[in-house]
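Protein sequences appear in the order of chains E and V. So for the first sequence, numbering that gives the first Met the number 0 puts the first residue at 0; every next one is plus one. So for the second sequence, numbering that gives the first Met the number 0 puts the first residue at 0; every next one is plus one.
Number of protein chains: 2
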Amino acid sequence: MRRVLILAEYDGTGFAGLQRQRPGLRTVQGELEGALGRIGALPKAVAAGRTDAGVHALAMPFHFDLPGRIPTARIPEALNRFLPQDLKVLSAREVAPDFHARKDALWRAYRYRLLLRPHPSPLLRGRALWVGRPLDLAALREALPLLLGRHNFLGFAREEVGEGVRELYEARLEAAEGELGPELHLYFRGRSFLRGQVRGMVGTLLEVGLGKRSPESLRRILEEGDRRLAGPSAPPQGLYFLEAAYPEERLSPSATGSGDPRRPAGRPPRS
Amino acid sequence: MRRVLILAEYDGTGFAGLQRQRPGLRTVQGELEGALGRIGALPKAVAAGRTDAGVHALAMPFHFDLPGRIPTARIPEALNRFLPQDLKVLSAREVAPDFHARKDALWRAYRYRLLLRPHPSPLLRGRALWVGRPLDLAALREALPLLLGRHNFLGFAREEVGEGVRELYEARLEAAEGELGPELHLYFRGRSFLRGQVRGMVGTLLEVGLGKRSPESLRRILEEGDRRLAGPSAPPQGLYFLEAAYPEERLSPSATGSGDPRRPAGRPPRS
């Protein structure tokens, strides 16, 4: 029996989110577990994170167990034969028998993609959020650092109760000159995120960029944890799960133990 | 009455091609002409070129006539209210009353997008052709210049009869490091193209890149004009109509006459 870590790319448009739900709803996990059964693996996949319906992933880590003899390097091709066109496996590696894609992750990174031009883009629909009005970049650059560090993020999250303290390591703006027009990307990297947190932060930052609220107003959301103080959730189609990182020693098949999540980040395999 | 030149972007996936066909088939022209009727324009749009089902466009020029008083600058927004999400107008300008989007074009440019990585990409499906094996770039670089200049391109075209001589101004390879993996773009610019010519050239070039035929073999296709000598048509989803160019003086509302197509290219408006 091997424990295997794979990275999967998916187009979230046709999925009711990542997590398996009630029968009849098409989910990333459901499709993947179906394919796992076809190659003789245990049909249970554990993901590094959750993504909502319409949210995409460039390299979502999953772990699962494989009793068979198929060489690890052949796993992506084997699974891809049974996976739909909007979900494919990019790489696979054997990891420690007690490796856990969610619990062992040191951090997760997300990007939210905004298209800034006068008219919407057919080729980027479902892939980026179109913003037809100019954004105040200076105000955004003032607001983003307020989110950094350890805070109670409940005020940005959805349907969350209980512990809302999370740590955000990076929150930055990236301008990109896409062929279909100027884009603005909001990049977030943190140990973990509350449900709906990224979309809540982006929706609130959009209000900052459009001059509807001050950068300073983010402080009160973090202090009071009241969802009503934040902006509306940004729509899912602009959001991408980028990657997660694991401690290097947890990525070795022979290692055991729970690992130390405070060690320097080892990026996941992308071969 | 104004003659108006618009540039339109579309995702070709959901269209049975550009040209209006029999009723019930969803086409770019059909959707656009429907929207023209809604804003009081004559419901007849003439495009710079044709694209097949599944082929995309970044800036396809169309002309039409508008009797109403709507300001030219407001035309994109007005049309976009009635256009579907996979077809939008990017810009509009008034041109000479006898301007013709097809006949006046000095050249058209196309790109074919190849994704070169071990596994297919969900986020680029319908947007690029996935090629899982390495391509021989040196062979491609040897083959491309053979296509330049005036030739009979019937051997690459589809269902074409009659005159097959066309002039190709540019044919080049562009490497691009996309976020989803290395891409290779084949760029073609010519006065005009036969039906299916670009996809026929790309399919043949792919055989060159995969070592299935020699670069030299393209010569015989051009000499004999026999479609059976060329490779299969490359699938539509990797192909993009990029832009067309017009003589500067034909883009002015006050100009008349047929223009001189040998004048230096004036790019279409992209604002």
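Ideal Cβ placement from N, Cα and C applies to all residues, glycine included. Please read these numbers as outputs of a predicted model, since none were measured by experiment.
Any C-beta of chain V sitting closer than 9 Å to the C-beta of residue i?
i: P268 of chain E; result: In this prediction, P268 of chain E scores a pLDDT of 43, lower than 50, which makes its location untrustworthy; the coordinate-derived value is nonetheless stated afterwards. For P268 of chain E, the answer is no, since every Cβ of chain V falls outside 9 Å of its Cβ.
i: E247 of chain E; result: no
i: E242 of chain E; result: no
i: P75 of chain E; result: yes
i: H62 of chain E; result: no
Please decide whether residue i counts as near chain E, where near means a Cβ-Cβ distance under 9 Å.
i: P181 of chain V; result: no
i: Y109 of chain V; result: no
i: L128 of chain V; result: no
i: V88 of chain V; result: yes
i: S253 of chain V; result: no
i: D51 of chain V; result: no
i: Y9 of chain V; result: yes
i: P117 of chain V; result: yes
i: E178 of chain V; result: yes
i: D85 of chain V; result: yes
i: N151 of chain V; result: no
Check this for me: beta carbons of residue i and residue j, under 9 Å apart or not?
i: M157 of chain E; j: R226 of chain E; result: Per the sequence shown, the amino acid found at residue 157 of chain E is Arg instead of Met. Yes, the Cβ-Cβ distance between R157 of chain E and R226 of chain E is below 9 Å.
i: D276 of chain E; j: R19 of chain E; result: Because residue 276 of chain E is not part of the residues shown, which for chain E are 0 to 270, the question remains open.
i: L167 of chain V; j: L183 of chain V; result: no
i: G161 of chain E; j: E223 of chain E; result: no
i: A15 of chain V; j: A104 of chain V; result: no
i: A100 of chain V; j: P133 of chain V; result: no
i: I220 of chain V; j: L89 of chain V; result: no
i: L139 of chain V; j: P214 of chain V; result: yes
i: K87 of chain V; j: S120 of chain E; result: yes
i: P83 of chain V; j: E30 of chain V; result: yes
i: R218 of chain E; j: L145 of chain E; result: yes
i: D51 of chain E; j: G23 of chain E; result: no
Can you tell which of the options has the C-alpha that lies nearest to the C-alpha of residue i?
i: R68 of chain E; options: E:A170, E:A52 and E:G39; result: E:G39
i: R194 of chain E; options: E:F152, E:Y186, E:A142 and E:A34; result: E:F152
i: T26 of chain V; options: V:D85, V:E141, V:T203 and V:V130; result: V:D85
i: W129 of chain V; options: V:P42, V:E32 and V:L114; result: V:L114
i: P70 of chain E; options: E:A52, E:F81, E:N79 and E:R92; result: E:R92
i: H150 of chain V; options: V:G13, V:L143 and V:V164; result: V:V164
i: L185 of chain V; options: V:E176, V:F98 and V:L204; result: V:L204
i: A34 of chain V; options: V:E8, V:D51 and V:R80; result: V:R80
i: H118 of chain E; options: V:L24, V:L209, V:T50 and V:A77; result: V:A77
i: G148 of chain E; options: E:G177, E:A127, E:E176 and E:F192; result: E:F192
i: G208 of chain V; options: V:Y9, V:A7, V:L143 and V:E176; result: V:L143
i: G131 of chain E; options: V:P75, V:Y9 and V:G210; result: V:P75
i: K102 of chain E; options: E:S216, E:R190 and E:L241; result: E:R190
Quick one: what's got a C-beta closer than 6 Å to residue i's C-beta in the same chain, skipping five residues either side?
i: R269 of chain V; result: Per-residue confidence for R269 of chain V stands at a pLDDT of 42, beneath the threshold of 50, marking its modelled position as unreliable; the derived number appears in the next sentence. Counting only Cβ-Cβ distances below 6 Å, and skipping sequence neighbours, we find nothing.
i: E206 of chain E; result: R212 and G230
i: R188 of chain E; result: W106, A108, Y168 and E169
i: L250 of chain E; result: V94
i: G36 of chain V; result: P42
i: A127 of chain V; result: R112, L114 and G237
i: E141 of chain E; result: P214
i: P181 of chain E; result: L115
i: G13 of chain V; result: D85
i: R49 of chain E; result: L17 and Q18
Ordered along the chain, which non-local residues of its own chain (more than five positions away) have a Cβ less than 7 Å from that of residue i?
i: Q28 of chain V; result: L17, Q18, R19, A44 and A46
i: L122 of chain V; result: L179
i: R262 of chain E; result: Its pLDDT being 38, under 50, R262 of chain E is placed unreliably in this model, and the coordinates cannot settle the point.
i: S257 of chain E; result: Because S257 of chain E carries a pLDDT of 46, less than 50, the predicted location of this residue cannot be relied on, and the following value inherits that uncertainty. Contacts found: none.
i: F98 of chain V; result: R2, L4, H62 and R249
Going along the chain, which residues of its own chain have a beta-carbon closer than 8 Å to the beta-carbon of residue i, five neighbours each way excluded?
i: R124 of chain E; result: Q236
i: E239 of chain E; result: It should be noted that the sequence gives Tyr, not Glu, for residue 239 of chain E. Taken in chain order, the residues that qualify are V54, H55, A56, L57, Y109, R110, Y111 and R112.
i: M0 of chain E; result: D64, L65, P66 and P96
i: Y9 of chain V; result: V27, H55, A56, M59, D85, L86 and K87
Taking C-beta pairs closer than 9 Å, name the residues in chain B that residue i reaches, listed in chain order.
i: H55 of chain V; result: You won't find chain B in this structure, because its protein chains are E and V.
_Tell me whether the stretch 220-237 of chain V and the stretch 183-200 of chain V touch, counting them as touching only if at least three CB pairs, one residue from each stretch, are closer than 8 Å._
yes
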